[in-house]
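In this text, residue positions in the sequence shown follow the numbering used here: the first is 42, and each later residue adds one.
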Amino acid sequence: MVNATTTTMPTVPAVIVFGDSIVDPGNNNVIKTIIKCNFPPYGVDFADHRPTGRFCDGKIPTDFIASKLGVKELLPPYLGTYLNPQDLLTGVSFASGGTGFDPLTPKIASVLSMPDQLELFKEYKEKLKSIAGEKRASEIVSQSLYVVCAGSDDVANTYFITPFRKTRYDIPSYANLLLNSASSFIEDLIGLGARKIGFVGIPPIGCVPSQRTLAGGALRNCAGGHNEIANLYNNGLIKEIERINKKHRHNENSTVVYIDIYTILFDMIQRPNHYGFKVSNKGCCGTGDVEVSVLCNGLTSTICEDVSEYVFWDSYHPTQRAYEVLVDWVIKNYIDLLF
Numbered sequence: 042m043v044n045a046t047t048t049t050m051p052t053v054p055a056v057i058v059f060g061d062s063i064v065d066p067g068n069n070n071v072i073k074t075i076i077k078c079n080f081p082p083y084g085v086d087f088a089d090h091r092p093t094g095r096f097c098d099g100k101i102p103t104d105f106i107a108s109k110l111g112v113k114e115l116l117p118p119y120l121g122t123y124l125n126p127q128d129l130l131t132g133v134s135f136a137s138g139g140t141g142f143d144p145l146t147p148k149i150a151s152v153l154s155m156p157d158q159l160e161l162f163k164e165y166k167e168k169l170k171s172i173a174g175e176k177r178a179s180e181i182v183s184q185s186l187y188v189v190c191a192g193s194d195d196v197a198n199t200y201f202i203t204p205f206r207k208t209r210y211d212i213p214s215y216a217n218l219l220l221n222s223a224s225s226f227i228e229d230l231i232g233l234g235a236r237k238i239g240f241v242g243i244p245p246i247g248c249v250p251s252q253r254t255l256a257g258g259a260l261r262n263c264a265g266g267h268n269e270i271a272n273l274y275n276n277g278l279i280k281e282i283e284r285i286n287k288k289h290r291h292n293e294n295s296t297v298v299y300i301d302i303y304t305i306l307f308d309m310i311q312r313p314n315h316y317g318f319k320v321s322n323k324g325c326c327g328t329g330d331v332e333v334s335v336l337c338n339g340l341t342s343t344i345c346e347d348v349s350e351y352v353f354w355d356s357y358h359p360t361q362r363a364y365e366v367l368v369d370w371v372i373k374n375y376i377d378l379l380f
């Protein structure tokens, strides 16, 4: 098991998050989209068993990050819930399940695009000023930890399920499209005052249960094309982040760090027993092969007997326990590079 207790934690005023369903704590609850999970059995492992809009049985990665940094236990969505001044001062998530770096992805899902999320961040910055004053607001913006996590939905949904991109882009050129968009997002975020950015790569999306079912053949193997795009994008992202860091050397304390979750999640899927899991090729909800979002519900889906044995909660998203293993590994390997 991975242990992060030996890592000295930095002091950060807030955690601010952009991205997709891996880090959406409930923004989609108030958006007109079918990409929602504000119903049982989602949230079953919270103390009150209440679905919050997190695509998980409990906490998502950014909750664990905020908690382990001593900021707060749960990182709230920016939209749809009452946020008191303290909530705003300590950070929020703008993430929207189903979005991606391809501009077509959020359109297909009717969710917030990555540029939409940046617009909400601008609004948030104004709220910070009105609560804390210009000087303190500026300190919070520059000293906070930013987490960006997107790209999985571009690969799984936009490229491999819809016909719109495959005819125009081969695998390398589609990875490049995502890379260019991700690079622009980083530049825009730095331009808005972010200085400590953890930029998460794409996981082994071809090995999540739904993609095995849809594209892994009769044996439900990992889908090679999905992982090929992920690897091309991730390798390109490493170089792009190096370029951006060189360019912004003059910006005091500006650091963008590439966070590799492909390696650890792939290992958890290939060797679940090593991490204390038993099942890694199916989700806990329903059959575990295809159920996600509205298909994983309290009416037509039963859940597994022991969720702690599963790497995946539904056919697309890891369990709370898998996320904690993942976050401990990320903190151990990357937090010192950011601060």
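The beta-carbon is built from N, C-alpha and C at its ideal position, and this holds for glycine as well.
May I have the straight-line CA-CA distance separating Gly234 from Ile372, to the nearest angstrom?
-> Position 193 of the sequence shown, counted from the start, is the residue given in the question as residue 234. Position 331 of the sequence shown, counted from the start, is the residue given in the question as residue 372. C-alpha separation (whole angstroms): 23 angstroms.
Give the single residue among Asn286, Ser134, Gly84 whose Cα lies nearest to the Cα of Asn338.
-> For the purposes of this step, residue 338 is taken as the residue at position 297 of the sequence shown. For Asn338, the nearest C-alpha among the options comes from Gly84.
Could you check what DSSP says for Thr140 in three-state terms: helix, strand or coil?
-> The count along the sequence shown starts at 1 and reaches residue 140 at position 99. Thr140: coil per DSSP, three-state reduction.
If we call anything under 8 angstroms between Cβ atoms a contact, is Leu116 one with Val56?
-> For the purposes of this step, residue 116 is taken as residue 75 along the sequence shown, with counting starting at 1. For the purposes of this step, residue 56 is taken as residue 15 along the sequence shown, with counting starting at 1. Yes, Cβ-Cβ distance for Leu116 and Val56 is below 8 angstroms.
Give the range of the alpha helix (DSSP H) segment to which Thr304 is assigned.
-> Stepping through the sequence shown from its first residue, residue 304 is reached at position 263. Run containing Thr304: 303 to 311, per the alpha helix (DSSP H) assignment.
Hey, how far is the Cα of Cys325 from the Cα of Lys288?
-> Numbered from 1 along the sequence shown, position 284 holds the residue referred to as residue 325. Numbered from 1 along the sequence shown, position 247 holds the residue referred to as residue 288. Answer to the nearest angstrom: the Cα atoms are 45 angstroms apart.
Residues near Gln158 in its chain [Cβ-Cβ closer than 6 angstroms; skip 5 each side] = The residue given as residue 158 occupies position 117 in the sequence shown. So the qualifying residues of the chain are Phe59, Phe135.
Could you tell me the distance, in whole angstroms, from the CA atom of Asp86 to the CA atom of Ile344?
-> Taking the sequence shown and counting its residues from 1, the one referred to as residue 86 is at position 45. Taking the sequence shown and counting its residues from 1, the one referred to as residue 344 is at position 303. Their backbone Cα atoms lie some 12 angstroms apart in a straight line.
Ordered along the chain, which non-local residues of its own chain (more than five positions away) have a Cβ less than 6 angstroms from that of Asn68?
-> By one-based count along the sequence shown, residue 68 stands at place 27. Around Asn68: Pro118, Leu120, Ser137.
Can you tell me the Cα-Cα spacing of Leu219 and Trp370, whole angstroms?
-> Position 178 of the sequence shown, counting from 1, holds the residue named residue 219. Position 329 of the sequence shown, counting from 1, holds the residue named residue 370. So the alpha carbons of these two residues sit roughly 26 angstroms apart.
Just grab the DSSP bridge partners of Leu186 for me.
-> Here residue 186 refers to the residue found at position 145 of the sequence shown. For Leu186, which the question treats as bridged, DSSP gives the partners Val56, Lys237.
Assigned exposure category for Glu332 - 16 Cβ within 10 Å defines buried = By one-based count along the sequence shown, residue 332 stands at place 291. Glu332 is buried by the Cβ-count criterion.
Under the three-state DSSP convention, the category Thr296 falls into = Locating residue 296 in the sequence shown gives position 255, where the first residue counts as 1. Assignment of Thr296 by DSSP, reduced to helix, strand and coil, places it in the strand class.
Compute the beta-carbon to beta-carbon distance between Asp61 and Ala216, rounded to the nearest angstrom, for a pair I have assumed lies under 8 angstroms.
-> Mapped onto the sequence shown, residue 61 falls at position 20. Mapped onto the sequence shown, residue 216 falls at position 175. Asp61 to Ala216, Cβ: 17 angstroms. No contact.
Out of Pro126, Ile282, Cys97, which has the shortest C-alpha to C-alpha gap to Gln361?
-> The count along the sequence shown starts at 1 and reaches residue 361 at position 320. That would be Cys97, whose Cα lies nearest to the Cα of Gln361.
When the Cα of Ile212 is compared with those of Phe226, Asp195, Lys319, Arg236, which residue comes out closest?
-> For this step, residue 212 is matched to residue 171 along the sequence shown. When each option's Cα is compared against that of Ile212, the closest is Asp195.
Please state if the CB of Phe240 and the CB of Val298 are separated by a distance shorter than 8 angstroms.
-> Looking up residue 298 in the sequence shown gives position 257. Looking up residue 240 in the sequence shown gives position 199. Contact: yes.
Under the rule that 16 or more other beta-carbon atoms within 10 Å means buried, what is Asn70, buried or exposed?
-> Numbered from 1 along the sequence shown, position 29 holds the residue referred to as residue 70. Classification of Asn70: buried, given that the 10 Å Cβ count is 16 or more.
Helix, strand or coil for Phe162 per DSSP?
-> One-based indexing of the sequence shown puts residue 162 at position 121. Three-state DSSP puts Phe162 in a helix.
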